[in-house]
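Chemist: Take this structure, written in structure tokens, and hold onto it; I'll ask about it next.
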Amino acid sequence: MQYKAKVYVTLKPSILDPQGRTVERALTHLNHQNVEGVRIGKYIELTLEGERADVEAQLRDISVNVLSNPIMEDVRFELEEQAVEQSA
Amino acid sequence: MKTAVIQFPGSNCDADALHAAGNVIGQDATFVWHTDTQLPDVDVVLVPGGFSYGDHLRSGAIAARSPIMTAIRAFADAGGYVIGICNGFQILTEAGLLPGALTRNGHLHFTCQPVRLRVERTNTPFTSAYTSGQTVTIPVAHGEGNYYADANTLDRLEGEGQVVFRYVDNPNGSLNDIAGIVNDRRNVLGMMPHPERAVEHLLGSADGLGVFQSLLSRVGA
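Here the protein sequences line up with chains A and B, keeping their order. Take 1 as the starting number for the first sequence in my numbering and just add one per residue. Take 1001 as the starting number for the second sequence in my numbering and just add one per residue.
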């Protein structure tokens, strides 16, 4: 089975996010006075093939040990079955 | 003293590092490519600055998982001396050889300037040529040099005397003004400023020489 994974990496709340803060300030200057708490993260897509349990374990390993740095980032992922076209 | 300077795709301070450890100090220095799985017979491994893998994903993240790092980890575990400078510091934290992480500079700008550092510890193989509390001028050039570690790690670093260099005027927002640290065994050093760019008076400062002279006096010619 083929799976599509969506991985979201965000800075831990305790880490200063200067990029988010700059964007927040810009939004205020653009008169969006009710916006706060802007945080900027990363979105990573990948496709994996295999049994669901194996793929899930592998994705957890990739997400925690490669795609994010647990010292400064949080990571979460979603895994969904991908329809594969059957060849005749 | 024999030094290996590791080259990753995107390293750009490798030649300066080789020049400092080789020509200026007058010792053997050689390049080692990142896909190699073994180190030559050396006393010191230098992980140079630059933009390994274009800093994609995170600074140093991909380089930290390249083949040569397994050999560097074994070398460090055996007590070998390892220095990571700038991107090399980022690589060593990503590889878990040093605690903490380097994040975006607080002001978001790439900063490239000579900075003043205070030498906090001279009881390391990298700093014995300095005097305690000495102020030195060494350039920085980085966009992600903001040192971060959780409160427990920071307490341990301070308590164990592992903060080796501190900024006099913090250029990036680093916690506790940290510019360079050693591991608990004191055989691995990571620093954001570039000592290899300050080894000849012609370049404006020779204050970085002390790092190389300290190692030379430790391991011998």
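The beta carbon of each residue, even a glycine, is placed where N, CA and C say it ideally should be. All values derive from a computational prediction rather than experimental measurement.
Based on DSSP bridge pairs, tell me the residues matched to V1188/B.
Modeler: Answer is V1082/B.
Chemist: If we ignore side chains and look at the alpha-carbon of each, how far apart do V35/A and D1150/B end up?
Modeler: 29 Å
Chemist: So, helix, strand or coil for A1179/B, using DSSP?
Modeler: strand
Chemist: Strictly below 9 Å CB to CB, what residues from chain B border P18/A?
Modeler: T1103, R1104, N1105, G1106, H1107, L1108, N1146, G1173
Chemist: Just to confirm, does P1009/B get its C-beta within under 8 Å of one of the non-hydrogen atoms of the ligand NAP?
Modeler: The model depicted lacks the ligand NAP and carries no ligand whatsoever.
Chemist: So who's on the other strand from F1165/B, going by DSSP bridges?
Modeler: Its beta-bridge partners are V1119/B, G1180/B.
Chemist: Contact between the region 1165-1176 of chain B and the region 1136-1149 of chain B is defined here as three or more beta-carbon pairs at a separation below 8 Å; is this criterion met?
Modeler: yes
Chemist: Listed in chain order, which residues of the region 2-18 of chain A have Cβ atoms closer than 7 Å to some Cβ of chain B?
Modeler: Within the region 2-18 of chain A, those residues whose Cβ lies closer than 7 Å to any Cβ of chain B are, in chain order, I15, L16, P18.
Chemist: I40/A versus chain B: which residues are under 8 Å apart at the beta carbon?
Modeler: What I40/A touches in chain B: nothing, since even the nearest Cβ is about 10 Å away.
Chemist: In three-state DSSP terms, what is N34/A?
Modeler: coil
Chemist: Per DSSP, Q1113/B forms a beta bridge with which residues?
Modeler: V1140/B
Chemist: Please return the same chain residues whose Cβ sits closer than 8 Å to the Cβ of L45/A, not counting the five positions on each side in sequence.
Modeler: Reading the sequence as shown, one finds Glu at residue 45/A and not Leu. So the qualifying residues of the chain are K4, A5, K6, V7.
Chemist: Decide if the region 1088-1108 of chain B is in contact with the region 60-76 of chain A; the criterion is three or more beta carbon pairs, one per stretch, under 8 Å apart.
Modeler: yes
Chemist: Determine the burial state of S63/A: buried for a count of at least 16 other Cβ atoms within 10 Å of its Cβ, exposed for fewer.
Modeler: Classification for S63/A: buried.
Chemist: Along the chain, where does the alpha helix (DSSP H) that runs through F1212/B open and close?
Modeler: In the DSSP annotation of this structure, the continuous segment of the alpha helix (DSSP H) that includes F1212/B starts and ends at 1209-1219.
Chemist: Measuring CB atoms only, is the region 40-60 of chain A touching the region 1020-1034 of chain B, in the sense that at least three cross pairs come out at less than 8 Å?
Modeler: no
Chemist: Hey, R1118/B and Y1167/B: beta-carbon distance below 9 Å or not?
Modeler: yes
Chemist: Under a three-way DSSP split, which group does D54/A fall into?
Modeler: Looking at D54/A - three-state DSSP - the assignment turns out to be helix.
Chemist: With distance defined between alpha-carbon atoms, name the residue in P1114/B, T1035/B, Q1027/B, G1080/B nearest to Q1007/B.
Modeler: T1035/B
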